[in-house]
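In the working numbering, the protein residues as written are 6 to 109.
C-beta atoms are modelled at their ideal positions from N, C-alpha and C, and glycine is treated no differently.
What follows is one structure encoded as structure tokens, with my remarks underneath.
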Ligand SMILES: [Zn+2]
């Protein structure tokens with residue numbers, strides 16, 4: 006996912022730079038680029054989680070659950086590398102979130 010966001014941002018930049026060589030198309034390229042950036046922004050929740058995960062890498066706490074400090078399952082990290090929760094706590098939070106929605 007983070008790679009995808011990066012790609013979209015790169016594409017936006019690339020299209021802009023490519024078309025900037027054609028002087029007349031610069032404004033069009035600008036529009037195309039900003040559309041791509043908007044699409045990337047839809048993933049900003051994930052991007053924030055990725056940033057948090059990078060912060061945990063820097064702290065040396067990456068791969069541990071922020072609730073109990075236990076190890077996050079390797080398979081889970083492969084599927085969702087930026088997750089701050091182990092499977093147990095992720096499921097508990099999902100249950101809590103869905104029961105909240107149910108009572109609304
Ligand atoms: Zn946990």
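Reduced DSSP category for residue i - H, G, I as helix; E, B as strand; rest coil
{"i": "residue 90", "result": "coil"}
{"i": "residue 66", "result": "coil"}
{"i": "residue 24", "result": "Confidence in residue 24 is poor, its pLDDT being 49 and thus under 50, which makes the residue's placement unreliable; the coordinate value appears in the next sentence. Helix at residue 24."}
Of the residues the options, the one placed nearest residue i, counting alpha carbons only
{"i": "residue 69", "options": "93, 51 and 50", "result": "93"}
{"i": "residue 51", "options": "105, 99, 8 and 73", "result": "8"}
{"i": "residue 74", "options": "99, 81 and 66", "result": "66"}
Sub-9 Å separation of residue i and residue j beta-carbons
{"i": "residue 54", "j": "residue 89", "result": "yes"}
{"i": "residue 58", "j": "residue 87", "result": "yes"}
{"i": "residue 56", "j": "residue 71", "result": "no"}
Exercise for the section: Starting from the N-terminal end, write out each residue whose C-beta falls within a distance shorter than 6 Å of any non-hydrogen atom of ligand 1. Expected result: So the residues near ligand 1 by this Cβ test are 70, 72, 73, 75, 90, 91, 93 and 94.
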